[in-house]
Amino acid sequence: KQEVTQIPAALSVPEGENLVLNCSFTDSAIYNLQWFRQDPGKGLTSLLLIQSSQREQTSGRLNASLDKSSGRSTLYIAASQPGDSATYLCAVRGSEFSGNTPLVFGKGTRLSVIA
Amino acid sequence: GAGVSQSPSNKVTEKGKDVELRCDPISGHTALYWYRQSLGQGLEFLIYFQGNSAPDKSGLPSDRFSAERTGGSVSTLTIQRTQQEDSAVYLCASSYREYTDTQYFGPGTRLTVL
């Protein structure tokens, strides 16, 4: 059964710092991996989707990498801003080799960027 | 265009009552998903609809939970004889096709069972 772990559970950084959020998964037979952002009381916003054949995706100040063989992904946020404060969720979708499992989510990293 | 919408945004009910939660996916999206987010827990997959195929119900926690998708668009999640442990935020998402595509989430329905 696929399990997704995110470390750290919470992170507080001063504005302007570069930071890395970590995600690990136990079954490397994935189809893709998605990073989401969730603001308090709101739904999820998709940030980046990496297909299993890809190594990384970039959007603005965000860069997500994927190392499928080791079961890891990182989300790099450059020059953090207070508006980046939110919970960041990692989710993986299993491939046909693992039974086409739906998205399995980690519990998230709660990020606070202090002005 | 408009995003995924859900109604109601909040629902308070008494234990034992039935509730219906509604999801309107993005127009043209063939895939629709329901998830549950409980306090302190991660998001938990409930059910998945893809076009006219039989839904994937593997995540439904009990037979008190059911869902329909009418006309390939709007979906309703029904919880019968609600229990306090059903209290959670229920999130709906849609994607253009199936799992290969980005999922877009609605704002959720916060269900409180007293």
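Protein sequence lines correspond, in order, to chains A and B.
Under our numbering, the first sequence has 126 at position 40, and the numbering climbs by one with no breaks.
Under our numbering, the second sequence has 81 at position 43, and the numbering climbs by one with no breaks.
We treat Cβ as the ideally placed atom computed from N, Cα and C, and that holds for glycine.
Keep in mind the model is a prediction, meaning the values are calculated, not measured.
Rounded C-alpha distance that separates residue i from residue j
i, j, result
"T147 of chain B", "Q122 of chain B", "16 angstroms"
"Q92 of chain A", "E142 of chain A", "18 angstroms"
"Q120 of chain A", "L134 of chain A", "6 angstroms"
"P46 of chain B", "T195 of chain A", "28 angstroms"
"F191 of chain A", "I85 of chain B", "15 angstroms"
"I64 of chain B", "Y134 of chain B", "8 angstroms"
"G110 of chain B", "T140 of chain B", "19 angstroms"
"A209 of chain B", "D153 of chain A", "This structure cannot speak to residue 209 of chain B, because chain B is shown only from 39 to 152."
"Y71 of chain B", "D94 of chain B", "9 angstroms"
"Y162 of chain A", "F111 of chain A", "18 angstroms"
"T108 of chain B", "F87 of chain B", "11 angstroms"
"S155 of chain A", "R119 of chain B", "45 angstroms"
"A126 of chain B", "G127 of chain A", "12 angstroms"
"D125 of chain A", "I200 of chain A", "16 angstroms"
"S145 of chain A", "C109 of chain A", "18 angstroms"
"F122 of chain A", "Y174 of chain A", "6 angstroms"
"C61 of chain B", "K49 of chain B", "14 angstroms"
"I117 of chain B", "E136 of chain B", "25 angstroms"
"R147 of chain A", "Q44 of chain B", "30 angstroms"
"D124 of chain B", "G80 of chain B", "15 angstroms"
"S104 of chain B", "L59 of chain B", "11 angstroms"
Rounded Cβ spacing between residue i and residue j (contact assumed at less than 8 angstroms)
i, j, result
"L115 of chain B", "K53 of chain B", "18 angstroms between Cβ atoms; not a contact."
"I136 of chain A", "A150 of chain A", "6 angstroms"
"S138 of chain A", "S181 of chain A", "7 angstroms"
"A131 of chain B", "V57 of chain B", "Actually they do not touch by this definition, with Cβ atoms about 20 angstroms apart."
"S166 of chain A", "S98 of chain A", "Actually they do not touch by this definition, with Cβ atoms about 11 angstroms apart."
"F143 of chain B", "G129 of chain A", "4 angstroms"
"N118 of chain A", "R179 of chain A", "5 angstroms"
"L189 of chain A", "A177 of chain A", "4 angstroms"
"T68 of chain B", "G89 of chain B", "5 angstroms"
Endpoints, beta strand (DSSP E) assigned at residue i
i, result
"S166 of chain A", "Where S166 of chain A is concerned, there is no enclosing beta strand (DSSP E), given that its DSSP letter is neither H nor E."
"I200 of chain A", "T195 to I200"
"E52 of chain B", "From DSSP, E52 of chain B is part of no beta strand (DSSP E); its letter is neither H nor E."
"T68 of chain B", "Here T68 of chain B belongs to no beta strand (DSSP E), and DSSP marks it neither H nor E."
"S43 of chain B", "S43 to S45"
"L59 of chain B", "V57 to D62"
Closer than 7 angstroms at the beta carbon, the chain C residues around residue i
i, result
"G66 of chain B", "The structure shown contains no chain C; the protein chains it does contain are A and B."
Beta-ladder partner(s) of residue i, from DSSP
i, result
"G180 of chain A", "A:I116"
"L189 of chain A", "The partner list for L189 of chain A (beta bridge, DSSP) is empty, contrary to what the question assumes."
"A172 of chain A", "A:L197"
ask   = Taking the runs of the beta strand (DSSP E) that are 3 residues or longer, which of them lie wholly in the stretch 89-159 of chain A?
value = 90-93, 96-100, 105-111, 116-124, 130-137, 142-145 and 148-153
ask   = Enumerated in chain order, which unbroken segments of the beta strand (DSSP E) with a length of 3 residues or greater are wholly contained in the stretch 72-151 of chain B?
value = 81-88, 103-107, 113-117, 126-133 and 147-151
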